[in-house]
Amino acid sequence: MKAQTIILVLSGVGLIFFGVIFLMASFDDTNRIITGAFLSIAGFLLLYFASRTPGTGEQAKRYVVELPSQVEIQSIKCPRCGAQIRAEDITVEAGITRVKCSYCGNVSQISEEPKW
Ligand SMILES: [Zn+2]
């Protein structure tokens, strides 16, 4: 539950409570009916807004990321030492993709094999 909602509920309940007290005291003074009714209505309005206000904790947003089924996440590893190749290690020269290992300095070539 959000803190803002709790405050709204508490002040709403408080207003209704005082409204009822004013209504009960209206036997002595009829003007208190108006005050009591106003406080009660205001309290109920606050409770209404509190029920309408969505709490950030309850309103969990869901993001669905859909990837095509063909997508494969391939990690490139150095053929000599097996270290993970970073994106900055890959260079393309004259159409040839070269991978220079930042750990052992081994330069290898990536050859794309046809998928059929
Ligand atoms: Zn290496």
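Residue numbering for the sequence shown follows the working numbering, beginning at 49 and increasing consecutively. The C-beta atom is built at its ideal place from N, Cα and C for all residues, glycine as well. For clarity, every value in this text was computed on a predicted model and none was experimentally measured.
Query, Result
"Since ASP137 contacts SER150 with CB under 8 angstroms, what's their CB separation in whole angstroms?", "5 angstroms"
"Given a cut-off of 7 angstroms, decide if LEU56 and VAL98 are closer than it, judged by their beta-carbon atoms.", "Note that residue 98 is Ala in the sequence shown, not Val. Cβ distance < 7 angstroms, so ALA98 and LEU56 count as in contact."
"Alpha carbon to alpha carbon, how far is GLY84 from ALA51?", "27 angstroms"
"What I want to know is whether the C-beta of ALA131 ends up closer than 6 angstroms to one or more non-hydrogen atoms of ligand 1.", "yes"
"Return yes when at least one heavy atom of ligand 1 lies under 6 angstroms from the C-beta of ARG146, else no.", "no"
"Just list the residues that DSSP pairs ARG146 with in beta bridges.", "THR139, GLN157"
"Less than 7 angstroms between the beta carbons of LEU87 and GLY60, yes or no?", "no"
"Can you tell me whether ARG128 sits near ligand 1, meaning its C-beta is under 6 angstroms from at least one heavy atom of the ligand?", "yes"
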